[in-house]
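What follows is a set of notes on a single structure, which appears directly below.
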Amino acid sequence: MSGDAPRAEWAGEEPLVFELSRDYTGGPREVASGVPERPLGDLLPGVRLRAEPPPIPSIAEPVLARHVGRLARRNHHLHHGIYPLGSCTMKYNPVVDEQLAGLPGFADIHPYQDEDDVQGALQVMWELERLLAELTGMARFTLQPAAGAHGEWTGLRMIQAHHASRGDRDRTRVVIPDSAHGTNPASATLAGLEVVTVRSTREGTVDVDDLRSRLDPSVAAIMLTNPNTLGVFERDILEIAEVAHRNGSLLYYDGANLNALVGVARPGDMGFDVVHLNLHKTFSTPHGGGGPGSGPVGVAEALARFLPTPIVERDGDRFRLDRDRPHSIGKVRAHHGNFGMLVRAYAYLRAYGSDIPEVARDAVLNARYLASRLGDLFPPAVPSPCMHELVVSTRGSRAPGLRALDVAKRLLDHGVYAPTTYFPTTVPEALMFEPTETESKRSLDQLADICAGIVAEAERDLAHVQAAPHTTPIRRVDEVAAARHPVLRWTAEP
Amino acid sequence: MPDLSGYRFTSTHEWVRRDGDEATVGITDHAQAELGDVIFLDLPAVGARLEAGARFGAVESVKAASDLYAPVSGTVTAVNEALREAPERVNQSPYGDGWLLRVSGAAEGSVELMDEGAYLARLEE
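Protein chains in written order, with this note's numbering: chain A, 1 to 494; chain B, 495 to 619.
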């Protein structure tokens, strides 16, 4: 099949940077420095220096440039095509936000610099905190956490501090739905709390009766995502909040799915007490390939004194770092979090201004349009209408034996990043698509047409789909061997 | 197909086979098929106490990590050490070589234990 021939630009194994030839040493030279070189031992007397220099690769610039270029071509990113990875909100990141974050006044400052020198940076943090508080209905925010799960842990530590401050030290459990993001139980466990699972209904929402039966004085908090991981809005949220608060438990909002609601509905108005946001999702800061992320945490007024220290305060026209916070849970990260991400999110929010609800409306519209196009191919996991993401199952497609993994792998051959697979775990053979608001109708139609083509292909020749991907430099990887016998370090061939 | 007449099944997809006071515990064929290739098992140590209905460990596959719930109460007398090197036995033989634990003083708790027919009927729901 000519359509499945390897693409020329992808062909061949790419060596690691350590393995690249050192033979060619031509190309640009460094500009000679006017500063005289001195031995390191003279400059750092009394310091234990390593006996041998570290094995840093030595490569000519053109060789390295092409190596990086080839890697970039193999990479999938939003400049190549759609990235419908459910629950991750892989929206397009505006270039202007990158440019603003790169301004020397933001990019070249140091966390130990005098506050008077970095007033603009502090102002961005102060204003961003207010924007996030306004969008979520929270009183105050910490901007320190480095990502969502870090934010979850930070939020749970504040919930523990809240209960402890009331002399209530027996709240050792957290109630989490069976469809929750895996980070929720992981963060709870890391915070020293025991996880209790609550069932979902057939509509995909929290079973409120089951929830009631799980509540007792040992429950510190209920962690929810709204809309939940099935992309379904929790309609009973006000009742859930009342049930939680009557039990003395706090309600935690996992903001991973805020893109469905931003500017339209506020977690604070639903009764949530603690909220983490993923700036790298909803607020358009990059996170493919590891980010860095940013997971600010907002709290209701009653919990504000427990926020990590420091936070930015304003005195008249001057901004300062307030470290005098005796009830704070302490620092959760060095300095002030991933500051470059804060600048990007701030720029994004300022650009949208009061139009921010358009983000949520278009995100939901795109997901529902895609759901309408995919509905004939793969049955939806739940009957409820979806919000910003949709979960379907390959079980029940016209091609018996077609699995979610096969569809995901075959999509790679079409230049599409795979949707999230096998999540939530309550849905067999799940595919979770989140197109985000930054895809056009044309792009959604292309994705739906490709999926239809894969189902038709699987009806004719299931084995060919099961052997996908056919065009990527690495074919189907041996996940079992990778998990059981991981090779985590490169070592030189003897 | 092995003879499963002596096996009882939970709605959370574990099985238990009673032999007087002793019992063997594993996960069902349906569970291993849904999980896909098992890569790691987090199991209690010999001497640990199981409480019927309580979490006693976890099974991790290429797709997901899932908690394991005790079908019966009792004390762990043996752990299937072979699974440490060969967790794929859970996929290959969930009712045989892929057993997880042996338990003494096995006692039923509040967990519903179904025979094979009832369990398969439950899966159809």
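Glycine is no exception: its CB is placed at the ideal position from the N, C-alpha and C atoms. Quick caveat, the model's predicted, so the values are computed rather than measured.
Contact with chain B by residue i, beta-carbon distance below 7 Å
i                      : result
residue 2 of chain A   : At residue 2 of chain A the pLDDT is 42, less than 50, meaning the model places this residue with poor confidence; the figure from the coordinates comes in the next sentence. Cβ-Cβ to chain B under 7 Å: no for residue 2 of chain A.
residue 201 of chain A : no
residue 16 of chain A  : no
residue 397 of chain A : no
residue 565 of chain A : The shown model of chain A, from 1 to 494, leaves out residue 565 of chain A, and the question about it has no answer.
residue 225 of chain A : no
residue 425 of chain A : yes
Contact list for residue i against chain A, beta-carbon separation under 8 Å
i                      : result
residue 528 of chain B : 428
Within 7 Å, strictly: CB atoms of residue i and residue j
i                      : j                      : result
residue 555 of chain B : residue 530 of chain B : yes
residue 258 of chain A : residue 282 of chain A : yes
residue 338 of chain A : residue 292 of chain A : yes
residue 546 of chain B : residue 566 of chain B : yes
residue 595 of chain B : residue 519 of chain B : yes
residue 149 of chain A : residue 183 of chain A : yes
residue 244 of chain A : residue 251 of chain A : yes
residue 521 of chain B : residue 581 of chain B : no
residue 56 of chain A  : residue 20 of chain A  : no
residue 430 of chain A : residue 417 of chain A : no
residue 137 of chain A : residue 276 of chain A : no
residue 220 of chain A : residue 163 of chain A : yes
residue 370 of chain A : residue 433 of chain A : yes
residue 170 of chain A : residue 218 of chain A : yes
residue 199 of chain A : residue 207 of chain A : yes
residue 388 of chain A : residue 427 of chain A : no
residue 299 of chain A : residue 274 of chain A : yes
residue 496 of chain A : residue 203 of chain A : Missing from the structure shown is residue 496 of chain A; chain A here goes from 1 to 494 and no further.
Proximity test, Cβ basis, 7 Å: residue i and chain A
i                      : result
residue 558 of chain B : yes
residue 521 of chain B : no
residue 531 of chain B : yes
Secondary structure of residue i, DSSP reduced to three states
i                      : result
residue 2 of chain A   : Note that residue 2 of chain A scores 42 on pLDDT, short of 50, meaning its location in the model is unreliable and no value can be drawn from it.
residue 201 of chain A : coil
residue 154 of chain A : helix
residue 336 of chain A : coil
residue 177 of chain A : strand
residue 593 of chain B : coil
residue 535 of chain B : strand
residue 508 of chain B : strand
residue 480 of chain A : helix
residue 275 of chain A : strand
residue 61 of chain A  : helix
residue 233 of chain A : coil
residue 520 of chain B : strand
residue 492 of chain A : coil
residue 380 of chain A : strand
residue 141 of chain A : strand
residue 459 of chain A : helix
residue 544 of chain B : strand
residue 268 of chain A : helix
residue 290 of chain A : helix
Opposing strand residues paired with residue i [DSSP bridges]
i                      : result
residue 601 of chain B : B:567
residue 608 of chain B : B:503
residue 561 of chain B : B:552
residue 314 of chain A : A:319
residue 83 of chain A  : None, per the DSSP bridge assignment.
residue 432 of chain A : A:391, A:420
residue 253 of chain A : A:224, A:275
residue 406 of chain A : BP columns for residue 406 of chain A are empty, so no partner.
residue 194 of chain A : A:173
residue 298 of chain A : A:141, A:275
residue 513 of chain B : B:516
Closer than 7 Å at the beta carbon, the chain B residues around residue i
i                      : result
residue 422 of chain A : 557, 558
residue 480 of chain A : 531, 533, 556
residue 484 of chain A : 533
residue 183 of chain A : Ordered by position in chain B, no residue passes the 7 Å Cβ test against residue 183 of chain A, which lies about 12 Å from the chain.
residue 472 of chain A : By Cβ distance, chain B contributes nothing, its closest Cβ being about 18 Å from residue 472 of chain A, past 7 Å.
Contacts that residue i makes with chain B (C-beta to C-beta distance below 8 Å)
i                      : result
residue 229 of chain A : Here the premise fails: no neighbours, minimum Cβ distance about 13 Å.
Check: residue i C-beta below 6 Å from any heavy atom of the ligand HEM
i                      : result
residue 198 of chain A : Within the structure as shown, the ligand HEM is missing, as the structure has no ligands at all.
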